[in-house]
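Q:
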Amino acid sequence: MNRVFVKGDVTRCLLHPWVYSNNVINGDAEKGDCVEVYTKNKKFLGSAIYNPDSSISLRFYSRDKEELDYLAIKKRIIIALKRRRLFFGEGDSFRVVFSESDMLPGLIIDKYGDGVVVQINSYGMEKRRRDVFNAILDVLDPVFLYEKSTSYARLQEKLKPREKLIFKKFEDLNLSEYIIEEDGIKIMVDIEKGQKTGYFLDQRINRRKIEKWAEGATGLDLFSYTGGFTLRMLKRMRKVYAVDISEDALNILKKNLQLNNFSNDRCLAEKKDVFEFLDEAVYYKIKFDFIVIDPPALIRKAEGKRKAINAYNRLLRSSIKLLSKGGAIAIFSCSNYIKWEDMYNILKEATGYSGRNFVILEMMSQSPDHPVLSTFPESEYLRGFLIKEVIP
74 MNRVFVKGDV TRCLLHPWVY SNNVINGDAE KGDCVEVYTK NKKFLGSAIY NPDSSISLRF
134 YSRDKEELDY LAIKKRIIIA LKRRRLFFGE GDSFRVVFSE SDMLPGLIID KYGDGVVVQI
194 NSYGMEKRRR DVFNAILDVL DPVFLYEKST SYARLQEKLK PREKLIFKKF EDLNLSEYII
254 EEDGIKIMVD IEKGQKTGYF LDQRINRRKI EKWAEGATGL DLFSYTGGFT LRMLKRMRKV
314 YAVDISEDAL NILKKNLQLN NFSNDRCLAE KKDVFEFLDE AVYYKIKFDF IVIDPPALIR
374 KAEGKRKAIN AYNRLLRSSI KLLSKGGAIA IFSCSNYIKW EDMYNILKEA TGYSGRNFVI
434 LEMMSQSPDH PVLSTFPESE YLRGFLIKEV IP
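This is how it looks when you write it as structure tokens:
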């Protein structure tokens with residue numbers, strides 16, 4: 074392998090899987106190559122994928138001298154799968170590989186029942202796409218393999234979006250209405266047109282918590298998508314309002330109701346901008362016993378942080394106005410820029426101005442199939458609180 078030399082804080086290079094372009098002294102390697110990384114004093118730091126055209130020029134995949142070839146990729150997938158088996162069963166749906174957290178930088182592999190969706194977010198993995206596909210087919214033996222490389226991270230690597238069916242074992246498989254099962258609940262997933270890789274696998278553990286705590290007559294699921302939280306709430310509540318701007322998502326939600334034998338009159342699915350819905354609900358003084366707020370990422374760049382925090386504040390303040398006495402609210406952020414301290418300050422401000430007393434029942438993060446790497450704080454992105462009003 075060729076060598077690349079870096080400057081700056083050597084400790085940071087040892088404690089983080091990325092090196093930014095302004096810290097690279099020189100690199101005699103092709104774009105996407107595996108390289109050995111050294112300090113200017115020739116101390117070996119590890120093996121990384123090199124991309125001089127990205128702000129993240131080096132992505133470490135090993136602290137040893139090692140090529141990232143087919144066998145190395147396959148080995149990492151096998152190890153990652155074994156870790157997931159500690160939490161999930163054979164037919165479950167979960168994230169098999171979570172990028173840097175599994176030493177495969179820029180690679181996402183999601184297992185949906187017996188099928189697999191792959192997302193390639195780095196130039197290094199793009200260059201090894203054939204090895205990636207072959208390793209997935211060998212290790213997981215899926216009934217289908219679908220590539221959905223359409224993320225914002227891919228654009229940052231100067232890669233064009235790419236989406237296509239790689240492999241399908243049975244011709245009659247309908248990937249736009251693919252059925253998976255989660256904790257006894259049947260869920261229809263649109264692999265081809267759905268958000269992310271089709272479904273929000275990272276919220277699985279939190280959907281369990283919502284089912285545990287949901288109580289009362291009427292619930293509200295804001296940014297409901299295809300009803301992941303709605304279905305859990307319906308197991309404990311008489312009626313749930315589901316609000317989302319996507320008509321396609323709500324159509325799948327209605328099919329999910331049928332799949333799980335929930336009558337249509339128990340769920341009101343409304344296509345509407347959530348902020349508009351909240352304004353109208355506050356005006357008409359509608360009340361709910363349990364509310365879930367799970368918006369898409371409200372921020373993609375650091376400079377948008379203040380605007381995002383204001384939006385979260387508005388969502389929570391309005392929701393508190395709709396909350397029945399003694400009710401509970403779950404609020405989530407899926408942006409890495411919104412830290413725990415930010416979430417707590419949003420919580421403190423919104424509840425404080427309400428003049429009502431709340432306790433924190435749960436602090437929630439991503440499911441264990443999205444592991445947080447100890448040297449990579451960016452791998453923790455999902456944060457949430459579940460709060461309940463305390464009545465003296």
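Start counting at 1 in the sequence shown, then tack on 73, and there's your number in our numbering. Even for Gly, the Cβ is constructed at its ideal location relative to N, Cα and C.
I need the straight-line Cα distance from Cys428 to Tyr417, nearest angstrom please.
A: Position 355 of the sequence shown, counting from 1, holds the residue named residue 428. Position 344 of the sequence shown, counting from 1, holds the residue named residue 417. One point to set straight first is that residue 428 is Gly, not Cys, in the sequence displayed. Near 17 Å, if we compare the C-alpha coordinates of Tyr417 and Gly428.
Q: If the criterion is Cβ atoms closer than 7 Å, does the pair Ser130 and Gly119 meet it?
A: Residue numbering aside, residue 130 sits at position 57 when the sequence shown is read from its first letter. Residue numbering aside, residue 119 sits at position 46 when the sequence shown is read from its first letter. No, the Cβ-Cβ distance between Ser130 and Gly119 is not below 7 Å.
Q: Looking at Ile366 and Tyr410, is the spacing between their C-beta atoms short of 7 Å?
A: As a position in the sequence shown, residue 410 is number 337, starting the count at 1. As a position in the sequence shown, residue 366 is number 293, starting the count at 1. Cβ distance not < 7 Å, so Tyr410 and Ile366 don't count as in contact.
Q: Helix, strand or coil, according to DSSP, for Val205 in the structure here?
A: As a working note, residue 205 is residue 132 in the sequence shown. Val205: helix per DSSP, three-state reduction.
Q: Looking at C-alpha atoms only, which residue of Asn95, Val169, Gly179 is the closest neighbour of Ser128?
A: The residue given as residue 128 occupies position 55 in the sequence shown. Of Asn95, Val169, Gly179, the residue nearest in Cα terms is Asn95.
Q: Measuring alpha carbon to alpha carbon, tell me which residue in Tyr251, Gly186, Ile258, Val216 is nearest Lys241.
A: Position 168 of the sequence shown, counted from the start, is the residue given in the question as residue 241. If we check each option's Cα against that of Lys241, Val216 comes out closest.
Q: Roughly how far, in whole angstroms, is the beta-carbon of Phe361 from the beta-carbon of Gly400, given that I think they are within contact range, below 8 Å?
A: Stepping through the sequence shown from its first residue, residue 361 is reached at position 288. Stepping through the sequence shown from its first residue, residue 400 is reached at position 327. Confirmed, about 7 Å.
Q: Under 6 Å: does the beta carbon of Lys412 sit that close to some heavy atom of the ligand GDP?
A: The ligand GDP is not among the ligands present in this structure, which contains no ligands whatsoever.
Q: Let me check one thing: in DSSP terms, what residues is Asn75 bridge-paired to?
A: Your numbering for residue 75 matches position 2 in the sequence shown. In the DSSP output, where bridge partners are listed per residue, Asn75 has Val108.
Q: Can you give me the C-alpha to C-alpha distance between Thr291 and Ser319, rounded to a whole angstrom?
A: On the sequence shown, residue 291 is found 218 positions in, with the first residue counted as 1. On the sequence shown, residue 319 is found 246 positions in, with the first residue counted as 1. When rounded, the distance between both Cα atoms is 22 Å.
Q: Am I right that Thr112 and Val79 are in contact with their C-beta atoms under 8 Å? What's the rounded C-beta distance?
A: In the sequence shown, residue 112 corresponds to position 39, counting from 1. In the sequence shown, residue 79 corresponds to position 6, counting from 1. With 8 Å as the limit, Thr112 and Val79 qualify as a contact, their Cβ atoms being about 6 Å apart.
Q: By alpha-carbon positions, which one of Leu274, Ala342, Glu236 ends up nearest to Leu307?
A: Here residue 307 corresponds to residue number 234 of the sequence shown, with the count starting at 1. Among Leu274, Ala342, Glu236, the Cα nearest to that of Leu307 is on Ala342.
Q: Helix, strand or coil: which one does DSSP assign to Ser130?
A: Counting from one through the sequence shown, the residue named residue 130 turns up at place 57. Strand.
Q: Span of the beta strand (DSSP E) holding Glu139?
A: Stepping through the sequence shown from its first residue, residue 139 is reached at position 66. Here Glu139 belongs to no beta strand (DSSP E), and DSSP marks it neither H nor E.
Q: Which same chain residues, not among the five before or five after Ala102, have their C-beta less than 6 Å away from its C-beta?
A: In the sequence shown, the residue the question calls residue 102 occupies position 29. Same-chain partners within the cutoff: Asn75, Val108, Tyr123.
Q: Just tell me which of Val169, Gly186, Ile253 has its CA closest to the CA of Leu180.
A: Within the sequence shown, numbered from 1, the residue matching residue 180 stands at position 107. Checking every option, the nearest Cα to that of Leu180 belongs to Val169.
Q: Can you tell which of Pro465, Glu453, Phe449 has its C-alpha closest to the C-alpha of Pro90?
A: On the sequence shown, position 17 is the one that residue 90 refers to. Residue Phe449 is the option with its Cα nearest to Pro90.
Q: Using 10 angstroms around the beta-carbon of Pro369, count the other beta-carbons present and answer buried if the total reaches 16, otherwise exposed.
A: The residue given as residue 369 occupies position 296 in the sequence shown. Exposed is the call here.
Q: My understanding is that Asn329 touches Met261, with C-beta atoms under 8 Å, so please give their C-beta distance in whole angstroms.
A: Within the sequence shown, residue 329 is the residue found at index 256, counting from 1. Within the sequence shown, residue 261 is the residue found at index 188, counting from 1. Confirmed, Cβ separation roughly 6 Å.
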